[in-house]
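The numbering used here numbers the first residue of the sequence shown as 9 and each following residue consecutively. Note that CB positions come from ideal geometry on N, CA and C, so glycine has one too.
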Amino acid sequence: MTRLKLHGEPLQEAWLDAYGHLNEAYYLVPFSNASWALQDHFEVGTAYFDETGCALYTLETHLRYLDEVRAPADLSIESAVLGVDGKRLHIGHWMMVGDKECATFECMLLHFDTREGGVAAFPDAIRERLEAAVLEPKPDWAGRAVKQLG
Numbered sequence: 009m010t011r012l013k014l015h016g017e018p019l020q021e022a023w024l025d026a027y028g029h030l031n032e033a034y035y036l037v038p039f040s041n042a043s044w045a046l047q048d049h050f051e052v053g054t055a056y057f058d059e060t061g062c063a064l065y066t067l068e069t070h071l072r073y074l075d076e077v078r079a080p081a082d083l084s085i086e087s088a089v090l091g092v093d094g095k096r097l098h099i100g101h102w103m104m105v106g107d108k109e110c111a112t113f114e115c116m117l118l119h120f121d122t123r124e125g126g127v128a129a130f131p132d133a134i135r136e137r138l139e140a141a142v143l144e145p146k147p148d149w150a151g152r153a154v155k156q157l158g
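Rendered as structure tokens:
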């Protein structure tokens, strides 16, 4: 599968730091919004939650800051499924401003049944749809940890 262009939004003035850059905390906001768009695309978003009580909970994230983002800017987020198993979904996003890649984000999500109060397997049809969408090859940054010093 290819990278999906499912979300974009303008940079907000309130997201800027004292230097006029996108503040590090606010990089997560458009990435989170893109995750909701990706979930809706694969029919595991809010309508799915309303119907089944199942949700995707974030277990872990990794965000890389690659280039500055200054106002004004239109943020375009490209998304991909990086992996899936019975209960987890690994996704990635690229933040683009024009043709410039400014940041990447990946996270591991867990399929959770809020009505039963525990982890639940994806329904087969959803898992198969996600498996068919896995991006190959994965980006070189997928699954990396923070670099250790010393």
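Would residue i be called buried (16 or more neighbouring beta carbons within 10 Å of its own) or exposed?
i    : result
Q47  : buried
L83  : buried
T112 : buried
V52  : buried
E136 : exposed
M9   : exposed
P145 : exposed
P38  : buried
L90  : buried
Can you grab the Cα-Cα spacing for the pair residue i / residue j, in whole Å?
i    : j    : result
I99  : I85  : 13 Å
E124 : D132 : 19 Å
T69  : E21  : 25 Å
R11  : A128 : 27 Å
A42  : D75  : 19 Å
L30  : R96  : 30 Å
I134 : G94  : 10 Å
G16  : L157 : 35 Å
G151 : M116 : 10 Å
Y65  : A45  : 15 Å
C110 : Y73  : 6 Å
F130 : A26  : 44 Å
I believe residue i touches residue j by the beta-carbon criterion, under 8 Å. Please report the beta-carbon distance rounded to the nearest angstrom.
i    : j    : result
V92  : L138 : 4 Å
D143 : A88  : The sequence given here has Leu at residue 143, not Asp. 4 Å between Cβ atoms; contact.
A81  : V105 : 5 Å
H49  : L19  : Not quite, the Cβ-Cβ distance comes to about 23 Å (not below 8 Å), so this is no contact.
Report the three-state DSSP secondary structure of residue i (helix, strand or coil).
i   : result
L30 : strand
L36 : helix
Could you name each continuous alpha helix (DSSP H) segment of 4 residues or more that falls completely within the region 114 to 143, going from the start of the chain to the end?
For the region 114 to 143, whole alpha helix (DSSP H) runs of length 4 or above, ordered along the chain, are 132 to 140.
Length-filtered (3 minimum) beta strand (DSSP E) runs lying within the region 43 to 115:
Here the runs fully enclosed are 62 to 73, 82 to 92, 96 to 105.
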